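> Questions regarding the structure given below will be posed in turn.
Protein chains in written order, with the working numbering: chain C, 1 to 489; chain W, 1001 to 1489.
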């Protein structure tokens, strides 16, 4: 894997000059083709031996291509805001829109390579890191983010010579970081770690390319060629299935919605009583010191007029306005459509100690987008695994995730639609869309049942709430929220 | 100002019921009118005596209007990311787009009222806080953000009774915050502080309305009426001029661009030498502990083909990729056009210890938008003051702001245009727009001269760089950056 790079090949100045015009022209053309088609973006992951000159890659690519459409995304130690969220949050957050190029320094491979290069690496962390990188990249590739990963490599001796040469000259000494000097002693370990990580994360949709780096002209040409190959790849290659949970094949989908007790009712006095008690418990549960290390993610889905808004207000009534965000989810805006569908939700992942309430959510992908054919079957089928992976990351980071399906029966929905139409201040809640959706009751119910079957996990369970009686539904929602919080206190 | 509210008026349940339908219907209609016209947004600032029930306002407005188009923006102590930026950053950051409503809790008045309510208030801070609030609100109002500010008020006794009543019931005791109990003792001081701050920040485009709060039905009705009035205000009332710097009237505009020494040249050897030295000094200057408390904002403007990109790369070559962001500024996207023009720049204000490099900038408002008539004369004229205010806030927060105008003469531009057209990898840099702009040379030069005259401040100076010789220009840019950094070390 590294044998060519460690032979430290070079390129004469003349041969470099001969290639430069061709490469620059081709790179630019390919970049403009990307911009114009705008059906995908390109992420260039830059990694490699410290002191191999990978930092020069930014300037090179910005000089050879049109820098107005390139964004350098360089990550060091996590900032406080990043430290309070899942590790991949910061990468999700800055994904370039379609048509654009992102250059990623300090990628998700940085902690993984650091772990693998330790004297006593922790196997489980490495395995998990590799699996997570594979899932992340598969999801990006499937959603229009092309990937190319560059590993800058050279021999141990050439690395030492390079660092020495830069250090000796006062004008270039600042380019040498302390870590560059340590590489030599640990070269063997770094090399073995890279070999393992690279070989296990190489994929047709996210290939690694080793760039020989001892010689500046050759490093430049090889970088350009690798980026060019990535830009020219026709379509996203078939992404290997890496989502293993849930079984994406056949599954018996039980009609859980049909099995709910729609007759459940709560009388007014009992309601007022229990409501106050539950709100009081909720208020306490989010004010414990333990909650400072956690966060709460509530998802509200359900048929139209099932009472999501009312249930949400009974929850927020017990909360401090500074602690929560209500996020009403509508159709995606153009800059959101230009990224993978989970992007806009990743951006709203709450920090520790905070609460995010989604009024509709990422489940739109497998509900409205499925039923209304806004997403292709391959897209919404893939989304179950993508969503489970997303929620698993939230949960692993300390988030308590509870998802509600508020269920009404068709007759109650009809009653509420009519009531809404008759009310001067509720008729805004009813639109021709609602009547259209109602005609597709069965299709939506099937989609909901399948969604519940495929995305109800221990870490992020669906809570089905019979909502023909609003009081009953509101208490149930509060009870589930309070129980989830108290279980994690 | 508070006499009505301190008489603790109330409304009977019957009279409330009689008004409810009318108010809810009117509020909804007004909200939908706002959504459909989409030429402005509404910010509802909620403040008042603690324990006056202002928290209920969120639930009320979300219940009475369509909550999908309302965003609650509640602020407590600044988060780490906010603490590293100017105080108004977090409010700018989350401005709702046109058509939408934002409810602001913990607004820019919170620190101001806290200061004014101290036993020994620091006069200068209060004066500055008031002036800043006035400037901020004038800018918002002039840019399509309607404002209404609600002050929830009640008598000292009624406040105590209300807190007592909530505390006595275990089911509502959680609603009482420790601060609510302290109000009574300090009532007089809080009241006087509010009186001063409110009277000095009341403006036709951002009025304060005092809401009597001892009685729930009356508080509800008055809140609804105030919001309704704000929604119904026809157009933004004439915004009083509050930007006093620079003098917005007549000013002799010197032709500074004409006075540059365009013949300045640097030979290759001297260039290489000085370049390495300056990059080395730059590398050191941004790695000092002092810089951790500062940030660097570089703005690059200039004629087409003046060499902005090349100059930027000579700067970034000395920087760690993890420390800077290059922000190429193009025409605003739809979600950016839906906010005040400085919004997208506020969002990219660097945290402490970081560097933001703008390749074109907020000055587009007074350059291309002025010359191409994309902004009305009132808009671009107003922008000088808005920009000075923005940069003053950056600087007051520790940012070192340096703005470059790279200047070439028409003949050199022509030469570079032709050279670009002839080069297979540079012709992307030349578009029909460039030739069109070139024909408006005089108009752009006039705009640039006026911009320089009106926005060159001690805190954020313009540096005019003769750029007919690229080497000379690059060294000049580096020298100005290094000197600015070293002066603040």
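C-beta atoms are modelled at their ideal positions from N, C-alpha and C, and glycine is treated no differently.
Since the structure is predicted, the reported quantities are computational estimates derived from the model, not experimental observations.
Residues of chain W with CB under 8 Å from residue 58 (chain C), in chain order?
The residue you call residue 58 (chain C) lines up with position 58 of the first chain. Neighbours of residue 58 (chain C) on chain W, chain order: 1316 and 1321.
> Roughly how far, in whole angstroms, is the beta-carbon of residue 148 (chain C) from the beta-carbon of residue 207 (chain C), given that I think they are within contact range, below 8 Å?
Against the first chain, residue 148 (chain C) aligns to sequence position 148. Against the first chain, residue 207 (chain C) aligns to sequence position 207. That pair is a contact at about 7 Å.
> Between the beta-carbon of residue 1016 (chain W) and the beta-carbon of residue 1221 (chain W), is there less than 8 Å?
As a position in the second chain, residue 1016 (chain W) is number 16, starting the count at 1. As a position in the second chain, residue 1221 (chain W) is number 221, starting the count at 1. Yes. Within cutoff.
> Compute the Euclidean distance between the alpha carbons of residue 1358 (chain W) and residue 369 (chain C), then round it to the nearest angstrom.
Stepping through the second chain from its first residue, residue 1358 (chain W) is reached at position 358. Stepping through the first chain from its first residue, residue 369 (chain C) is reached at position 369. For residue 1358 (chain W) and residue 369 (chain C), the distance between alpha carbons rounds to 39 Å.
> To the nearest angstrom, report how far apart residue 1274 (chain W) and residue 37 (chain C) are at their CA atoms.
In the second chain, residue 1274 (chain W) corresponds to position 274, counting from 1. In the first chain, residue 37 (chain C) corresponds to position 37, counting from 1. Going from the Cα of residue 1274 (chain W) to the Cα of residue 37 (chain C) covers about 43 Å.
> Out of C:415, C:398 and C:41, state which residue places its alpha-carbon closest to the alpha-carbon of residue 292 (chain C).
As a working note, residue 292 (chain C) is residue 292 in the first chain. With distances taken between Cα atoms, residue 292 (chain C) lies closest to C:398.
> What residues in the segment 1256–1288 of chain W have a beta carbon less than 7 Å from any beta carbon of chain C?
Going along the segment 1256–1288 of chain W in chain order, one finds 1276, 1277, 1280, 1283 and 1284 with a Cβ nearer than 7 Å to chain C.
> Among residues of its own chain, excluding the 5 on either side of residue 469 (chain C), which ones have a beta-carbon nearer than 7 Å to its beta-carbon?
Here residue 469 (chain C) refers to the residue found at position 469 when the first chain is read from its first residue. Hits under 7 Å: 264, 265 and 266.
> With a threshold of 8 Å between beta-carbons, can residue 134 (chain C) be considered close to chain W, or not?
As a working mapping, residue 134 (chain C) is identified with position 134 in the first chain. So no, residue 134 (chain C) is outside the interface.
> Chain C beta carbons: is any one of them nearer than 8 Å to that of residue 1062 (chain W)?
Sequence index remark: in the second chain, residue 1062 (chain W) carries index 62 (1-based). It does; some Cβ of chain C falls within 8 Å.
> For a contact meaning CB atoms closer than 9 Å, what does residue 341 (chain C) contact in chain W?
Here residue 341 (chain C) corresponds to residue number 341 of the first chain, with the count starting at 1. Ordered by position in chain W, no residue passes the 9 Å Cβ test against residue 341 (chain C), which lies about 17 Å from the chain.
> How far does the beta strand (DSSP E) with residue 1072 (chain W) in it extend, from its first residue to its last?
Sequence index remark: in the second chain, residue 1072 (chain W) carries index 72 (1-based). Per DSSP, residue 1072 (chain W) belongs to the beta strand (DSSP E) from 1070–1074.
> For residue 1302 (chain W), which of helix, strand or coil comes out of DSSP?
Numbered from its first residue, the second chain carries residue 1302 (chain W) at position 302. Three-state result, residue 1302 (chain W): strand.
> Within 10 Å of its beta-carbon, does residue 143 (chain C) have 16 or more other beta-carbons around it, so buried, or fewer, so exposed?
By 1-based counting over the first chain, the position of residue 143 (chain C) is 143. So residue 143 (chain C) counts as buried.
> CB of residue 355 (chain C) to nearest heavy atom of the ligand NAP: below 7 Å?
The ligand content of the structure shown is nil, which means the ligand NAP is not present either.
> For the segment 1421–1441 of chain W, enumerate the residues whose C-beta is nearer than 8 Å to any C-beta of chain C, in chain order.
Cβ contacts with chain C come from 1424, 1425, 1428 and 1429.
> Looking at the C-beta of residue 140 (chain C), does it have a partner C-beta in chain W at a distance below 8 Å?
Taking the first chain and counting its residues from 1, one reaches residue 140 (chain C) at position 140. With 8 Å as the cut-off, residue 140 (chain C) does not count as an interface residue toward chain W.
> For a contact defined as C-beta to C-beta under 7 Å, what are the partners of residue 1464 (chain W) on chain C?
As a first step, residue 1464 (chain W) must be located in the second chain, where it is residue number 464. Near residue 1464 (chain W) there are no residues of chain C at all, since even the closest Cβ is about 23 Å away, more than 7 Å.
> Would you mind working out which of C:106, C:97, C:173 and C:408 sits nearest residue 307 (chain C), comparing C-alpha positions?
What you label residue 307 (chain C) is simply residue 307 of the first chain in a count that begins at 1. Minimum Cα distance to residue 307 (chain C) is reached at C:408.
> Let me see if you follow: with CB-CB separation under 8 Å, is residue 1025 (chain W) close to chain C or not?
The count along the second chain starts at 1 and reaches residue 1025 (chain W) at position 25. Yes, its Cβ sits closer than 8 Å to a Cβ of chain C.
> Apply the 10 Å Cβ neighbour rule to residue 197 (chain C) and answer buried if 16 or more other Cβ atoms are within range, or exposed otherwise.
As a working note, residue 197 (chain C) is residue 197 in the first chain. Buried: at least 16 other Cβ atoms inside 10 Å.
> Is the distance from the Cβ of residue 1406 (chain W) to the Cβ of residue 1311 (chain W) below 8 Å?
Within the second chain, the letter at position 406 stands for residue 1406 (chain W). Within the second chain, the letter at position 311 stands for residue 1311 (chain W). Yes, these two residues count as a Cβ contact at 8 Å.
> Alpha carbon to alpha carbon, how far is residue 1030 (chain W) from residue 330 (chain C)?
Against the second chain, residue 1030 (chain W) aligns to sequence position 30. Against the first chain, residue 330 (chain C) aligns to sequence position 330. Approximately 21 Å between the Cα atoms of the pair.
> State whether the segment 61–74 of chain C contacts the segment 10–27 of chain C, with contact taken as three or more CB pairs (one from each stretch) at a distance under 8 Å.
Touching, per the Cβ criterion.
> If we count the other Cβ atoms within 10 Å of its Cβ and call it buried at 16 or more, is residue 7 (chain C) buried or exposed?
The residue you call residue 7 (chain C) lines up with position 7 of the first chain. By the neighbour-count rule (16 or more Cβ atoms within 10 Å), residue 7 (chain C) is not buried but exposed.
> Mind checking the segment 288–314 of chain C against chain W and listing, in chain order, the residues whose C-beta falls within less than 7 Å of any C-beta there?
Listed by position along the chain: 309 and 313.
> For a contact meaning CB atoms closer than 7 Å, what does residue 1075 (chain W) contact in chain C?
Within the second chain, numbered from 1, the residue matching residue 1075 (chain W) stands at position 75. Chain C residues near residue 1075 (chain W): 322.
> Can you tell me which of the three DSSP states residue 124 (chain C) falls into?
For the purposes of this step, residue 124 (chain C) is identified with residue 124 of the first chain, where counting begins at 1. Helix, per DSSP.
> How would you label residue 1280 (chain W), buried or exposed, when you count the other beta carbons within 10 angstroms and need 16 or more for buried?
Position 280 of the second chain, counted from the first residue, corresponds to residue 1280 (chain W). By the 10 Å Cβ count, residue 1280 (chain W) comes out buried.
> Do you know how far the Cα of residue 1050 (chain W) is from the Cα of residue 340 (chain C)?
For this step, residue 340 (chain C) is matched to residue 340 along the first chain. For this step, residue 1050 (chain W) is matched to residue 50 along the second chain. Those two C-alpha atoms are separated by around 44 Å.
> Enumerate in chain order the residues of its own chain whose CB-to-CB distance from residue 253 (chain C) is below 6 Å, with the five nearest sequence positions on each side excluded.
Residue numbering aside, residue 253 (chain C) sits at position 253 when the first chain is read from its first letter. Closer than 6 Å at the Cβ level, and outside the excluded window around residue 253 (chain C), lie 449, 450 and 453.
> Enumerate in chain order the residues of its own chain whose CB-to-CB distance from residue 12 (chain C) is below 8 Å, with the five nearest sequence positions on each side excluded.
Start at 1 with the first residue of the first chain, and residue 12 (chain C) comes out as number 12. Around residue 12 (chain C): 217.
> According to DSSP, is residue 1315 (chain W) helix, strand or coil?
Residue 1315 (chain W) sits at position 315 when you count from the first residue of the second chain. Here residue 1315 (chain W) sits in helix by DSSP.
> Using the C-alpha atoms, what's the distance from residue 393 (chain C) back to residue 487 (chain C)?
Residue numbering aside, residue 487 (chain C) sits at position 487 when the first chain is read from its first letter. Residue numbering aside, residue 393 (chain C) sits at position 393 when the first chain is read from its first letter. Going from the Cα of residue 487 (chain C) to the Cα of residue 393 (chain C) covers about 19 Å.
> Would you mind sorting residue 268 (chain C) into buried or exposed? The rule is 16 or more other CB atoms within 10 Å of its CB.
Taking the first residue of the first chain as position 1, residue 268 (chain C) is located at position 268. Exposed, because fewer than 16 other Cβ atoms sit within 10 Å of the Cβ of residue 268 (chain C).
> Going by DSSP, which residues form a beta bridge with residue 1149 (chain W)?
Here residue 1149 (chain W) refers to the residue found at position 149 of the second chain. DSSP lists W:1045 and W:1208 as partners of residue 1149 (chain W).
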